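Reading through the structure tokens given below for one structure.
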Amino acid sequence: MPVEPTVKVEGLQTRGFDGIKAGNSCVTGFVVDLRRSVVDSEKGDILTPYHGVGSVAGCSFANFHGNTRQKLNLKLGDPSANFTIWSFEQTKVGVTSLRLCPDNAKANLEIRVVGYYADKKPNIFQGIISYELGPPKHHHSFYGFNVPHWNVTYTDIPPSTRGGSPGSPVVDEMGNAVGMLVAVGPYAWATGSISLEAPLRAFRCLQEGKQFRRGDVQCRFGHTIQKGTDLVRVDKVLPMGVSDGKLEVGDYLTHVDAEIVTSLDVDQYFDGKIDKDVELVLLRNEREVRVTI
């Protein structure tokens, strides 16, 4: 059962120099397959959303199934892809783990969401992945409404799945993690599961002793449908960025280095080409445009 690998992560944050109040946070996390543990066989790894870290200094603890409590060490945090990797002393905790299988996530897949709903004991809730979508536009206490994450692809889970909390693993029938819940709310747009492609690549980089880096062309892509065809569209270009003057809002991305773009997860096309030039094929005003970035 996927209950045992699911943990409750509590964080305590100090007061920031910029006036942020001291406080505490609580998110769900889950133990990643111990065979993927990075370098040290005595260390285990826990995956949570990034917002569980906080923007100021603090400390975090994991409450395992059976009321075992351990201090966590921050290993890697990626605010863009919205995930954090923590380490803990696995020799002191007898706990099972979940394999990361992002390729198993697909529409109409029956899943289970495991998490600490309302900060209580872990519960299992049934659901079905509806479809792949862009980042859900959710309320932010400081910036207001409609604040999406940057080029992060989500899968939508119907609002009937009212369980779990941010960080809850989305598990398939084989007990593999196919996603991680990061947005929970009463509406369909607020119930989103993040892809595990980026966390899986981060684990592999750490295993090989490499720095985890992400390819970025400094623009935001979105999804649109034109004449019954799903397309990836340029939604925003960062001023003074590498794409400024080359990409325009409204362009449709069709190819990256002769590879046809077939997924909304556009970062996968750029992550393997860091520090290299890439040729993009775009449709602009029904004309083909080629640019090199």
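Oh and the sequence shown: position 262 is 706 in this note's numbering, straight run, nothing missing. Ideal Cβ placement from N, Cα and C applies to all residues, glycine included. From a predicted model like this one, the values you see are computed outputs, not experimental measurements.
As assigned by DSSP and simplified to three states, the class of residue i
i, result
"Phe656", "coil"
"Glu703", "strand"
"Leu727", "strand"
"Pro610", "coil"
"Glu692", "coil"
"Asp721", "coil"
"Gly455", "strand"
"Ala621", "strand"
"Glu448", "coil"
"Lys616", "For clarity, residue 616 is Asp in the given sequence; the question names Lys instead. Correct three-state label for Asp616: coil."
"Leu682", "coil"
"Asp674", "strand"
"Leu697", "strand"
"Gln651", "helix"
"Gln662", "coil"
Other residues of its chain near residue i: CB distance less than 7 angstroms, five sequence neighbours each side excluded
i, result
"Glu732", "Val725"
"Lys680", "Cys663, Arg664 and Val693"
"Val422", "No statement about residue 422 is possible, as the shown extent of the chain runs from 445 to 737 and does not include it."
"Tyr560", "Lys452, Thr472, Pro566 and Ser609"
"Ser541", "Pro449, Val475, Val476, Asp477 and Leu478"
"Pro613", "Pro446, Thr450, Phe474, Leu542, Val558, Ala621 and Met624"
CB-CB length for residue i against residue j, believed under 8 angstroms
i, j, result
"Leu727", "Asp695", "7 angstroms"
"Val557", "Gly571", "6 angstroms"
"Ala642", "Asp522", "7 angstroms"
"Pro493", "Thr528", "7 angstroms"
"Val622", "Ala549", "4 angstroms"
"Leu682", "Val735", "Their Cβ separation, rounded to whole angstroms, is 15 angstroms, which puts Leu682 and Val735 out of contact at 8 angstroms."
"Glu554", "Glu617", "6 angstroms"
Beta-carbon contacts of residue i that lie in its chain and below 8 angstroms, excluding the five residues immediately before and after
i, result
"Val705", "Val676, Leu697, Thr698, His699 and Tyr713"
"Val447", "His509, Val558, Pro566 and Ile568"
"Leu520", "Thr528, Ile529, Ala646, Leu650 and Phe656"
"Glu703", "Tyr713"
With 16 other Cβ atoms within 10 Å as the buried cut-off, status of residue i
i, result
"Leu518", "exposed"
"Gln514", "buried"
"Gln534", "buried"
"Asn620", "buried"
"Ala646", "buried"
"Ile669", "exposed"
"Gly689", "exposed"
"Gly716", "exposed"
"Asp489", "buried"
"Asp547", "exposed"
"Asp674", "exposed"
"Asp711", "buried"
"Glu723", "exposed"
Proximal residues to residue i (C-beta, below 6 angstroms), its chain only, five neighbours per side dropped
i, result
"Cys503", "Leu456"
"Leu516", "Ser504, Ala506, Trp530 and Phe532"
"Thr512", "Val537"
"Asn729", "none"
"Gly741", "No information on residue 741 is available, as it lies outside the stretch 445 to 737 that the chain covers here."
"Asp701", "Val722 and Glu723"
"Glu454", "Cys470 and Phe505"
"His495", "none"
Distance cut-off 7 angstroms: residue i Cβ against heavy atoms of the ligand GDP
i, result
"Lys487", "For the ligand GDP, the structure offers nothing, since it holds no ligand at all."
Contiguous beta strand (DSSP E) assignments of at least 3 residues, all confined to the region 483-567: When DSSP assignments are scanned along the region 483-567, the uninterrupted stretches of beta strand (DSSP E) that are 3 or more residues long and fall wholly within it turn out to be 487-492, 502-508, 512-522, 527-533 and 554-559.
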